[in-house]
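Data block below; observations after.
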Amino acid sequence: MARKKIIAGNWKMNMTPSQAVELVNTLKPLVANDDVDVVFCVPAIDIIPAMEAAKGSNIHIGAENMYFEEKGAYTGEISPAMLVDAGVKYVIIGHSERREYFAETDETVNKKVLKAFEHSLTPIICCGETLTQREQGVTIDFVRQQIKIAFLNVTAQQAASAVIAYEPIWAIGTGKVATTAQAQEVCKAIRDCIAEIYDEATAAAIRIQYGGSVSASNASELFAQADIDGGLVGGASLKPDFGQIVNY
Ligand code: PGA
Numbered sequence: 001m002a003r004k005k006i007i008a009g010n011w012k013m014n015m016t017p018s019q020a021v022e023l024v025n026t027l028k029p030l031v032a033n034d035d036v037d038v039v040f041c042v043p044a045i046d047i048i049p050a051m052e053a054a055k056g057s058n059i060h061i062g063a064e065n066m067y068f069e070e071k072g073a074y075t076g077e078i079s080p081a082m083l084v085d086a087g088v089k090y091v092i093i094g095h096s097e098r099r100e101y102f103a104e105t106d107e108t109v110n111k112k113v114l115k116a117f118e119h120s121l122t123p124i125i126c127c128g129e130t131l132t133q134r135e136q137g138v139t140i141d142f143v144r145q146q147i148k149i150a151f152l153n154v155t156a157q158q159a160a161s162a163v164i165a166y167e168p169i170w171a172i173g174t175g176k177v178a179t180t181a182q183a184q185e186v187c188k189a190i191r192d193c194i195a196e197i198y199d200e201a202t203a204a205a206i207r208i209q210y211g212g213s214v215s216a217s218n219a220s221e222l223f224a225q226a227d228i229d230g231g232l233v234g235g236a237s238l239k240p241d242f243g244q245i246v247n248y
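1 is the number of the first residue of the sequence shown in the working numbering; add one for each residue after it.
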């Protein structure tokens, strides 16, 4: 019952719809690897054209965010039903940039996670510490708190199917990757936390990614760690390098 690796690109606010189609077409042959789950999380407006371009390939198109209400007067938001109807299976929840620039909190992350499961979407739940927190030695306490709140009222069965992305904020987009030992230590602490909340079987099933300056040159070492089941990749997911990462 080895966990299947999951390698997801996070395009962030990059690529217009026509550029998205071009990028999917460029990367399609490079990421053709059925041994791992390959997900491209793209801006909402790119979902449908990217989905069209990815047809017949192993690429899953995911979303970068969604709202926790069903529908209604929430100008500018995207509902889970909209994602499902477009064919989306994965959605990033609580990325540190959403927390920093769009006021998302552990509580809104929890609401979104619950709503995603209600619609059978797989959340990629992000967590991770700041540089100050790491320097003050509170990384694991902080990440455990994020995880415990994110999983409030989530069932064991749901949790087993979730994906967690551990992304130290100081490593995102900085080229400063965590050492494999640092990444493994926190990913293991997250798995232990899941075992504490649920049980060993749930902890053994849940997939935990590392994110933060993952590149073609560091992917294989990171993904070889016992508790790292793949990666959430920003910058390098927009380049042919993503093919090398998927084929680490
Ligand atoms: P990065 O971004 O790979 O560019 O550091 C990772 C992320 O924010 O998910």
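Don't be surprised by glycine CBs; every beta carbon is placed ideally from N, CA and C.
Problem set entry | Where the alpha helix (DSSP H) through Ala178 begins and ends | Walking along the sequence shown from the start, residue 178 turns up at place 178. Per DSSP, Ala178 belongs to no alpha helix (DSSP H) and is neither H nor E.
For this session: Can you tell me which of the three DSSP states Lys115 falls into?
Result: Here residue 115 is taken as the residue at index 115 of the sequence shown, counted from 1. DSSP places Lys115 in helix when its eight states are reduced to three.
Exercise. Can you pull the DSSP bridge partners for Ala122?
Worked result: The sequence position of residue 122 within the sequence shown is 122, counting from 1. Reading the sequence as shown, one finds Thr at residue 122 and not Ala. DSSP, once it has assigned bridges, lists Tyr90 as partnering Thr122.
Problem set entry | Residue range of the beta strand (DSSP E) that includes Leu232 | Counting from one through the sequence shown, the residue named residue 232 turns up at place 232. Looking at the DSSP string, the run of the beta strand (DSSP E) that includes Leu232 is Gly230 to Val233.
Exercise. Just how far apart, CA to CA, sit Lys100 and Gly212?
Worked result: Within the sequence shown, numbered from 1, the residue matching residue 100 stands at position 100. Within the sequence shown, numbered from 1, the residue matching residue 212 stands at position 212. One point to set straight first is that residue 100 is Glu, not Lys, in the sequence displayed. About 16 Å.
Exercise. Can you tell me the Cα-Cα spacing of Ser120 and Gly175, whole angstroms?
Worked result: Working through the sequence shown from its first residue, we reach residue 120 at position 120. Working through the sequence shown from its first residue, we reach residue 175 at position 175. So the alpha carbons of these two residues sit roughly 34 Å apart.
For this session: Going by CA-CA distance only, name the one from Lys188, Cys126 and Ile197 that's closest to Gln157.
Result: Within the sequence shown, the letter at position 157 stands for residue 157. Checked all of Lys188, Cys126 and Ile197; the closest Cα to Gln157 is Ile197.
For this session: Just the C-alpha distance for Ala161 and Met13, rounded to the nearest angstrom, thanks.
Result: As a first step, residue 161 is located in the sequence shown; it is residue number 161 there, counting from the start. As a first step, residue 13 is located in the sequence shown; it is residue number 13 there, counting from the start. Checking the sequence shown, residue 161 turns out to be Ser, not Ala. Each residue's Cα considered, the two are about 27 Å apart.
Problem set entry | Sub-8 Å separation of Ile134 and Pro168 beta-carbons | Numbered from its first residue, the sequence shown carries residue 134 at position 134. Numbered from its first residue, the sequence shown carries residue 168 at position 168. Sequence inspection shows Arg at residue 134; the Ile mentioned does not correspond to that position. A contact, by the Cβ cut-off of 8 Å.
For this session: Report yes if the CB atom of Cys127 is closer than 8 Å to the CB atom of Ile93, and no otherwise.
Result: Within the sequence shown, the letter at position 127 stands for residue 127. Within the sequence shown, the letter at position 93 stands for residue 93. Not closer than 8 Å, so no.
For this session: Within 10 angstroms of the Cβ of Glu64, are there 16 or more other Cβ atoms? Answer buried if so, exposed if not.
Result: Walking along the sequence shown from the start, residue 64 turns up at place 64. Glu64 should be labelled buried.
Exercise. Would you call the region 180-189 and the region 225-245 in contact, with 3 or more CB pairs under 8 Å?
Worked result: yes
For this session: Could you tell me whether any non-hydrogen atom of the ligand PGA is closer than 7 Å to the CB of Leu232?
Result: For the purposes of this step, residue 232 is taken as the residue at position 232 of the sequence shown. Yes, Cβ of Leu232 sits closer than 7 Å to a heavy atom of the ligand PGA.
For this session: For Asn263, name the three-state secondary structure that DSSP assigns.
Result: Coverage of the chain is limited to positions 1 through 248, which leaves residue 263 absent and any answer about it impossible.
Exercise. Cα separation between Ile59 and Leu232?
Worked result: By one-based count along the sequence shown, residue 59 stands at place 59. By one-based count along the sequence shown, residue 232 stands at place 232. Answer to the nearest angstrom: the Cα atoms are 15 Å apart.
Exercise. Under three-state DSSP, which class holds Gly243?
Worked result: Looking up residue 243 in the sequence shown gives position 243. Three-state result, Gly243: helix.
Exercise. Does DSSP put Leu166 in a helix, a strand or coil?
Worked result: The residue labelled residue 166 in the question sits at position 166 within the sequence shown. The amino acid occupying residue 166 in the given sequence is Tyr; Leu does not appear at that position. Tyr166: strand per DSSP, three-state reduction.
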